[in-house]
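Chemist: Sharing a structure here in structure tokens format.
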Amino acid sequence: MKKTLLILTFIISLQGFAQQDPQYSLYMFNPLGVNPGYAGSRDAISGVLVHRSQWVGLDGAPTTQVLSIHSPLKNQNMALGFQLINDKIGPRTTQDISLVYAYKIKLGKGKLAFGLRGGILNYQYDWAKIEYRDQDDAIPTTANESFILPNFDFGIYYNTNKFYAGIALDHLNEAQYNLSVVDTSTSVAKKHINGTATIGRAFGLTEKLTLKTSAIMRGQNKQGFLDINASMLFNNKFLFGITLTSRQTLIFLTEFNISSQFKIGYAYDYTATQLSNGGSHEVFIGYDFLKHKSQVVSPRYF
């Protein structure tokens with residue numbers, strides 16, 4: 066039987082306190098998902114696939130899939146990207162389809178980029194998936210609802226070979242829609258502006274050992290979340306790291322660079338709350354498609 070926590074999560078989400086956007090543990094492996102200014106930073110046609118299963122063991126818990134592709138244009142100052150996100154939590158399924166444009170200028174030892182992401186959010190609600198212990202608490206509708214909304218994000222991103230920093234604002238237009246879940250009244254669901262700041266630095270300890278550090282701070286619905294990561298990279302091939310979060314979650318992550326073009330990663334989230342159950346799992350695959358055989362992928366660490 067579906068746990069009543071699912072119902073509670075949904076009710077809270079209508080008031081704007083539940084997670085609005087998908088969460089990622091491997092944010093440092095897919096920066097385009099955090100900041101549109103990252104587009105084109107790999108100096109190749111770069112593709113990423115991500116799958117995340119959150120709070121494994123809870124019926125209706127979030128699952129997320131991401132496909133992102135980006136590349137610099139012939140004019141190296143500009144880049145384009147595409148992102149598709151499929152996110153599911155309880156009775157709600159969301160598709161986020163967007164295009165990305167970034168413009169870069171050389172600044173010091175690195176590049177400063179300004180990125181814009183625009184697209185649509187497709188929300189679908191299937192109320193029949195909710196089960197109740199007490200039918201008196203049931204939402205008086207079984208009809209499905211769907212909404213298509215515009216969405217715009219903006220980001221500023223600076224990077225060198227061993228350092229990056231960025232700021233992004235999501236949902237600039239603050240789109241909203243009404244859910245007809247209680248007879249004649251409606252519940253308003255709104256995408257609030259979210260802010261994200263990221264920073265990362267790589268330190269060469271020895272010829273074959275590199276310390277990579279990063280942090281991400283998110284602001285959603287007047288709440289703040291902070292993740293701090295430290296990872297060790299061995300021989301530019303194998304990485305293992307730990308992330309401490311402000312959400313009572315400890316994240317263990319690993320990455321393996323199969324080649325200079327192909328990499329895979331995995332993260333396990335342990336949450337010290339009742340939501341822990343089987344934890345959360347995230348898998349990442351990244352590949353850089355080179356334009357010609359003699360091309361070499363940028364040696365940056367991010």
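Residue numbers (my numbering): 66 to 367. Glycine residues also receive a C-beta, built at the ideal position from the N, C-alpha and C atoms.
Does DSSP put Lys169 in a helix, a strand or coil?
Modeler: Strand.
Chemist: By the 10 Å Cβ neighbour count, where 16 or more other Cβ atoms means buried, how is Tyr366 classified, buried or exposed?
Modeler: Flag for Tyr366 reads buried.
Chemist: What first and last residue would you give for the beta strand (DSSP E) that runs through Arg283?
Modeler: Where Arg283 is concerned, the enclosing beta strand (DSSP E) stretches over 274-285.
Chemist: Tell me the DSSP secondary structure of Pro137 in three-state form.
Modeler: Pro137: strand per DSSP, three-state reduction.
Chemist: Is Gly125 closer than 8 angstroms to Ile154 when the C-beta atoms are compared?
Modeler: Yes, they are a contact pair.
Chemist: Given this structure, state the Cα-to-Cα distance separating Ala295 from Phe305, to the nearest angstrom.
Modeler: Roughly 9 angstroms separates the two Cα atoms.
Chemist: Where do the N-terminal and C-terminal ends of the beta strand (DSSP E) with Arg182 fall, by residue?
Modeler: Element bounds for Arg182: 175-190.
Chemist: Roughly how many whole angstroms lie between the Cα atoms of Ala193 and Leu244?
Modeler: Those two C-alpha atoms are separated by around 15 angstroms.
Chemist: Along the chain, where does the beta strand (DSSP E) containing Phe349 start, and where does it finish?
Modeler: 345-354 is the span of the beta strand (DSSP E), which, as asked, contains Phe349.
Chemist: To the nearest angstrom, how far is the alpha carbon of Tyr190 from that of Gln160?
Modeler: So the alpha carbons of these two residues sit roughly 12 angstroms apart.
Chemist: May I have the straight-line CA-CA distance separating Ala144 from Phe317, to the nearest angstrom?
Modeler: In a straight line, the C-alpha of Ala144 is about 32 angstroms away from that of Phe317.
Chemist: Can you tell me which of the three DSSP states Lys302 falls into?
Modeler: Coil.
Chemist: Under a Cβ-count criterion, where at least 16 other Cβ atoms within 10 Å of its own Cβ denotes burial, should Asp353 be classed as buried or exposed?
Modeler: Counting Cβ neighbours within 10 Å, Asp353 comes out buried, since at least 16 surround it.
Chemist: Between Ile213 and the rest of its own chain, which residues show a CB-CB distance below 6 angstroms, the 5 nearest in sequence each way excluded?
Modeler: Counting only Cβ-Cβ distances below 6 angstroms, and skipping sequence neighbours, we find Ile185, Asn187.
Chemist: Can you give me the start and stop residues for the beta strand (DSSP E) that Phe212 sits inside?
Modeler: Start and end: 210-224.
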